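**Student:**
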Amino acid sequence: MAGFSSNKPDAPITGINVTPLVDITLVLLIIFMVTAKIVVSRAMPMDLPRAATGGEVQQVFSVSLRADGTTYVDSQPAPRDEQVLQLARTALAAHPDLRAVVQAEGTVPHSRVMHALDILRQAGLSRIAFAVEPGPPVEVAP
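Note that my numbering has the sequence shown beginning at 9, numbered continuously upward.
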């Protein structure tokens with residue numbers, strides 16, 4: 009019942025049972041705590057692999073696009089597209105669960121980023137993420 013009264017059926021309710029209110033509040037608190045980590049995440053969502061043991065390390069293939077036109081693969085210069093394609097195919101052959109991360113400076117043209125994405129897909133990589141730097145939130149004018 010929502011409350012209790014004295015033994016008389018027509019007597020007004022003099023107390024309220026707060027147990028359901030506390031239960032609902034605790035459930036909502038747990039939901040907010042679980043989803044807060046997802047909302048605050050700085051990385052793009054990725055399809056992460058499942059593993060029975062936690063000791064395995066995920067292999068990442070990093071492609072960095074600089075504003076001066078240079079391309080780096082795993083911190084090594086790769087001036088030609090064919091080199092990036094060959095390195096990606098080799099890395100994917102060695103690690104079938106390979107993930108690619110594209111890091112592009114802010115002034116890199118969109119067409120160049122899409123070209124790098126196309127090269128990675130030609131190599132057979134389908135799990136690709138984009139690295140971002142945390143920045144200040146956007147303020148909305150009233």
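Note that the Cβ used here is the ideal one computed from N, Cα and C, for glycine as well.
All of these numbers come straight from a predicted model, not from anything done at the bench.
At which residues does the beta strand (DSSP E) containing T163 begin and terminate?
**Tutor:** Because the chain is modelled from 9 through 150, residue 163 falls outside the range shown and cannot be assessed.
**Student:** Could you spell out where the beta strand (DSSP E) holding L73 opens and where it closes?
**Tutor:** V68 to L73
**Student:** Give a yes or no on contact between the region 109 to 129 and the region 69 to 78, applying the rule of three or more CB pairs nearer than 8 Å.
**Tutor:** yes
**Student:** Please list, in chain order, all residues of the same chain as L29 whose beta carbon is under 7 Å from its beta carbon, the five residues on each side excluded.
**Tutor:** none
**Student:** Taking contact to mean at least 3 C-beta pairs separated by less than 8 Å, is the region 127 to 142 in contact with the region 90 to 97?
**Tutor:** The region 127 to 142, when compared against the region 90 to 97, does touch it at the 8 Å Cβ threshold.
**Student:** By the DSSP assignment, the beta strand (DSSP E) with I136 in it spans what residues?
**Tutor:** Residues I136 to F138.
**Student:** Look at the alpha carbon of E64 and the alpha carbon of D82, and state the distance between them as a whole number of angstroms.
**Tutor:** Residue placement at E64 cannot be trusted, given a pLDDT of 48 that sits under 50; the coordinates are not used to answer.
**Student:** Just list the residues that DSSP pairs V110 with in beta bridges.
**Tutor:** V71 and F138
**Student:** So, with DSSP's three-state summary, where would you put S85?
**Tutor:** Reading off the sequence shown, one finds Pro at residue 85, where the question assumed Ser. If DSSP states are grouped into helix, strand and coil, P85 belongs with the strands.
**Student:** For I116 and P104, what's the separation of their Cα atoms in angstroms?
**Tutor:** Checking the sequence, you will find Val at residue 116 rather than Ile. Cα to Cα, the separation comes out at about 30 Å.
**Student:** Whole angstroms are fine: how far does the CA of A86 sit from the CA of S119?
**Tutor:** 18 Å
**Student:** For V116, does the three-state DSSP call read helix, strand or coil?
**Tutor:** coil
**Student:** Helix, strand or coil: which one does DSSP assign to A96?
**Tutor:** If DSSP states are grouped into helix, strand and coil, A96 belongs with the helices.
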